[in-house]
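K.L.:
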Amino acid sequence: MIKVITYGTYDLFHYGHQRLLERAKNLGDYLIVGVTTDDFDKKRGKINVKQSLMERIESVRATGLADEIIVEEYEGQKIDDIKRYGVDIFAIGSDWVGEFDYLKEFCDVVYLPRTEGISSSDIRSEYRSVNLGLVGNGNIIKKFFDESKLVNGITVNAICTDNEKEKKCYENEELSLIDDYDELLNLVDAVFILSHPSKHYSQIKKALNQGKHVLCESPIALAKNEYVELEKLASENDLILMDSIKTAYSTAFNRLLLLIKKGNIGDVYSVDATCTSIREYDDKSWNSISSWGPTALLPIFQILGVDYKNKTISSLILEDKPNFDLFTKIDFQFENAVASIKVGNSVKSEGELIISGSEGYAYVPAPWWKTDYFELRYENQEDNKKYFYQLDGEGIRYELVAFAKSIELGKNNAYVENQVSKAICKIMEDFENNEFDIINKY
């Protein structure tokens, strides 16, 4: 068997990439494709990657040409891979002629002709930009605006906020600053909603009825039936409705999920997630379960599924606000596992994620929801492994890429599955219906 290996970024996968892989495939019997991480590309000076690592891997996998896909993460890995996989031929595009001659010591090196007239850079510049409106207040809105400048296919042209101080942050920008949500909808193709959770359902419904795509900070709704209604409305109108949980788009978080699902720590028996912060609160503040619940619930529902057998919610509640929790703990029982979350806006704890398995456990240090690092730990400490992945823009950049791509393709490419979003809304509904044990009234 003749083994061939090739590497690339494969950003905005196009016909030129397809032809290069076909030529590489024809050189032998078994094709290994290395997909370069964002972090490694940046170290080499290439910073124009617009798609997440997971999206690019999926694009390569979809061709059916790769017998095996690996991730290129460090300098010198090509030599290691050639030795590790017993590679006979290293293949790369002809624009790299001479660059990899040093590999001839280990295998044959073939420079393949590229397809003329096609490049990812050209495709990026030809993308039709979606006019996006931002709705709400807070520093997350500013982060979304700043990150949108780095994403081809998205242009923020209007922001709806009633905060005069925040408006001053955009005085030198070419966009409309308005107070009226209806006026905003007339100016945009899509909206990102970061208003109070109590407004999400009505604002999303209005946007969908006016033919606008929606990205909404989780939770999308405070009741399961409201989410089902909105999901149906979006589907019937060929619109994209995406749940915004930035952690889902973190490269490290996605690699962690892959390793867990591949069985690297055996069967998972427990997932414990903690998300806390100390914030000042007022009448416009989000409660703890809305602020942190969706993020903390994400790894539980993505690893163990949404079919838990029962749950117990315990909360510290404000005396004059029956649905405003300063701290909440939720314990879940699944068929063969347990899980728990601790969330709070008025308590500080170690914000870590621990996933316990039959052969080892995954440890993600605080703040795990912004992680660029995690460990897999075992009984024999010599087997422990550490993983590092650069996190850019808290995941917002890649979330916007997925949103733009979903609109372009007419297919939802969200990293938060519909059943996960629905399960999150059900937790919110149970809390709103006071289905919790009160620890104490504050």
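Numbering (the numbering used here) for the sequence shown: 20 to 461. We treat Cβ as the ideally placed atom computed from N, Cα and C, and that holds for glycine.
Could you compute how far the alpha carbon of D449 sits from the alpha carbon of D257?
P.N.:
30 Å
K.L.:
If the criterion is Cβ atoms closer than 9 Å, does the pair L122 and R42 meet it?
P.N.:
no
K.L.:
Note down the Cα distance separating K161 from E185, rounded to an integer number of angstroms.
P.N.:
9 Å
K.L.:
Can you give the beta carbon distance from V287 to I319, rounded, assuming they're within the 8 Å contact cut?
P.N.:
10 Å between Cβ atoms; not a contact.
K.L.:
Distance check for A226 and S214, CA to CA, integer angstroms please.
P.N.:
Rounded to whole angstroms, S214 and A226 show a C-alpha spacing of 14 Å.
K.L.:
For E418, tell me which candidate among E124, E378, G282 and I173 has the shortest Cα-Cα distance.
P.N.:
I173
K.L.:
Below 8 Å on the Cβ atoms is my guess for A442 versus Y434; work out the distance and round it to an integer in Å.
P.N.:
Between Y434 and A442 the Cβ distance is about 15 Å, and since that is not below 8 Å, they are no contact.
K.L.:
Would you mind working out which of C188, F211 and D198 sits nearest S167, comparing C-alpha positions?
P.N.:
When only C-alpha atoms are compared, the closest one is F211.
K.L.:
Quick check on this structure: which residue in D181, Q400, G414 and T331 has the alpha carbon closest to the alpha carbon of D456?
P.N.:
Considering only alpha carbons, the answer is T331.
K.L.:
According to DSSP, simplified to helix, strand and coil, what is P318?
P.N.:
Reduced to three states, the DSSP call for P318 is helix.
K.L.:
Between E92, G324 and D411, which lies nearest to K389 when the distance is taken from Cα to Cα?
P.N.:
D411
K.L.:
Does the region 382-397 touch the region 364-371, meaning 3 or more C-beta pairs lie closer than 8 Å?
P.N.:
With three or more CB-CB distances shorter than 8 Å, the region 364-371 counts as touching the region 382-397.
K.L.:
Note down, in chain order, each residue of its chain lying with its Cβ closer than 7 Å to the Cβ of I197, except the 5 sequence neighbours on either side.
P.N.:
A177, C179 and L203
K.L.:
Do Y397 and G379 have their beta-carbon atoms positioned less than 9 Å apart in this structure?
P.N.:
yes
K.L.:
I'd like to know whether the C-beta atoms of P313 and I264 end up nearer to each other than 9 Å.
P.N.:
yes
K.L.:
Please check the pair I336 and F343, which I expect to be a contact at CB under 8 Å, by giving their CB distance rounded to whole angstroms.
P.N.:
7 Å
K.L.:
What's the call for D30, buried or exposed, on a 16-neighbour Cβ count within 10 Å?
P.N.:
That one is buried.
K.L.:
On the DSSP bridge list, what partners appear for K404?
P.N.:
L395
K.L.:
Would you identify the three-state DSSP class for E299, choosing helix, strand or coil?
P.N.:
coil
K.L.:
With DSSP collapsed to three states, give me the class of I264.
P.N.:
coil
K.L.:
Below 9 Å between beta carbons: does that hold for D201 and V149?
P.N.:
Not closer than 9 Å, so no.
K.L.:
Give the secondary structure of N432 by DSSP, where H, G and I count as helix, E and B as strand, and everything else as coil.
P.N.:
coil
K.L.:
Would M447 and L234 be called neighbours here (beta carbons separated by less than 9 Å)?
P.N.:
Not in contact: M447 and L234 (Cβ atoms no closer than 9 Å).
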